[in-house]
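Protein chains in written order, with the working numbering: chain A, 1 to 231; chain B, 1 to 231. Even for Gly, the Cβ is constructed at its ideal location relative to N, Cα and C. Computed from a prediction, not measured in an experiment: that's the story for all the values here. Only one structure is covered here, and it is reproduced in the block below.
In structure tokens, the structure reads:
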């Protein structure tokens, strides 16, 4: 069988330091910031000339942390509670024959002073993700009004997010370094990142954002952030 | 440098038998029909279970005819008349570091009787194109209202398309086999597939659709189809 070798053109730095709690699609956490650093020989101002005219870009990336696990014919999407099997090509699951992900992100800034660094908003990418392609988003071709979302329309309700007094104090202390941290935590937890089969309502979770460990649990009123501490 | 080997998961059969005159983005020729045949071991009904719930799909494919030509840091988009250089990552050009294309197509039908054949409308893919991934289009994540198109907004005017009496007769003879042929030719020529540097207004062009050779030229009233003959 023919195989096509793909090379890494750049690496993502992201606020998301682990797979758990990353929003399941791009755009759901506009406060999430990421930077794509292009690698040689692609890191010349030439390769991105004119890209600043676009508001959004497509990123094609490698699911590098799960790629070694290979592919599965069917997977259980979290949107369906994790208990219904759907064909892998009917999902955006990481367990694909070719472990390629596709995300659109808002183009915030392109820095070509010293190599090429592209600042992005709303990307759902793990820190360290290898990028294999970058393309402009073309509204006239890519934005399809009224496309049906299938089962993915299910369960789009979001969780209210609350912070403990302790967490509020910590947020204020971190304000200088991470001004969007409150919005980011709120956007991420509102998606309810708990696994579909979660059945212990009191379980405490930790999630890594930047160099921080955010501890939270769910109660009857929504998600509740208890503490925000250095990881 | 790390490379990621990608395998072909399926092959496209398309009405477009050569690169010339293929619409430059998907969706511009809704009458264009294509079929994706999945290859073993991916051609089981399991891998596409639930895909029928979606109206559109993403296809990731290999620019197999131009891949050997390698990449260029800058290219000259036809949208800019072919005389202005833009960074390759600011375009959808085929001359990319990794020769991956991205297209959205309308999902018409999924046939799992004997292997898996997926019928698509509006795909801008060359016959024989290797596919490396298939994903559902998710409107809530992928359809970005008001995204700016940069230089790609330029030159979106379309050409009027006329047919000679001879071509009209041939279209009627081909009606049974290719009922959408008239629409397809009209959609394709309306995009003005002439190269940006075309300067001879009387030049006659041929284009291959299905097993047909369509001959046309441009005059002051638009595109004019002279004959439609077996290739």
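The Cβ atoms of residue 35(B) and residue 117(B) sit closer than 7 Å to each other. Interface annotation for the segment 33-50 of chain A against chain B: 42, 44, 46, 47, 48, 49, 50, criterion Cβ-Cβ distance under 7 Å. The three-state reading of DSSP puts residue 204(B) in coil, since its state is none of H, G, I, E or B. Between residue 163(B) and the set 70(B), 32(B), 124(B), 214(B), the nearest pair of CA atoms involves 214(B). Under the 8 Å Cβ criterion, the segment 102-116 of chain B counts as touching the segment 36-44 of chain B, having at least three qualifying pairs.
Taking C-beta atoms under 8 Å as the contact rule, residue 107(A) and residue 59(A) fail to qualify, at a distance of about 11 Å. Contact annotation for residue 109(B) against chain A: no contact, minimum CB-CB distance about 15 Å [criterion: below 9 Å].
Contacts with chain B at 7 Å (Cβ-Cβ) include residue 4(A).
Within chain B, no C-beta atom comes less than 9 Å from the C-beta of residue 213(A); the nearest is roughly 28 Å away.
Between the alpha carbons of residue 112(A) and residue 33(B) lies a gap of roughly 42 Å. Going by DSSP, residue 185(A) is part of the alpha helix (DSSP H) stretching over 181-190.
The three-state secondary structure of residue 112(B), taken from DSSP, is coil. By the criterion of a C-beta distance shorter than 7 Å, residue 19(B) is surrounded in its chain by 65, 126, once the five residues flanking it on both sides are discounted. The beta carbon of residue 205(B) sits no closer than 7 Å to any beta carbon of chain A. Excluding residues up to 5 positions away in sequence, 228 lie with their Cβ nearer than 6 Å to the Cβ of residue 170(A) in the same chain. Looking at the DSSP output, residue 34(B) bridges to 14(B), 120(B). When DSSP states are grouped into helix, strand and coil, residue 3(A) belongs to the strand group. In summary, residue 202(A) is exposed, with fewer than 16 beta-carbon neighbours lying within 10 Å of its beta-carbon over all protein chains present. Straight through space, the alpha carbons of residue 166(A) and residue 183(A) are spaced by roughly 17 Å. Cα atoms of residue 136(B) and residue 77(A): separation of roughly 13 Å, rounded to the nearest angstrom. Residue 7(B) sits away from residue 91(A), with the two beta carbons spaced by 7 Å or more. Assigned with DSSP and collapsed to three states, residue 19(B) falls in coil, not helix or strand.
In this structure, the straight-line span from the alpha carbon of residue 151(B) to that of residue 75(B) is close to 13 Å. Taken in chain order, the unbroken stretches of beta strand (DSSP E) that lie wholly in the segment 37-112 of chain A and span 3 residues or more are 56-62, 100-111.
In the same chain as residue 230(B), and ignoring 5 residues on each side of it, the C-beta atoms closer than 8 Å to its own belong to 211, 212, 213, in chain order.
Taken atom to atom, the span from the alpha-carbon of residue 225(A) to that of residue 194(A) is near 14 Å. Under the three-state reduction of DSSP output, residue 152(B) falls in the helix class. In the displayed model, residue 167(A) falls within a helix according to three-state DSSP. When only Cα atoms are considered, residue 88(A) and residue 72(A) end up about 7 Å apart. The shortest CA-to-CA distance from residue 55(A) to any of 138(A), 168(A), 219(A), 209(A) is the one to 138(A). Residue 40(A) is classed as exposed because its beta carbon has fewer than 16 other beta carbons within 10 Å across all chains shown.
Assignment of beta-bridge partners to residue 217(B) by DSSP yields 224(B). Judged by their CB atoms, residue 143(A) and residue 123(A) are not nearer to each other than the 7 Å cut-off. Going by beta carbons, residue 141(A) and residue 191(B) fall outside the 7 Å limit.
The contact set of residue 142(B) on chain A, defined by CB atoms closer than 8 Å, consists of 104, 142, 143, 144, 147 in chain order.
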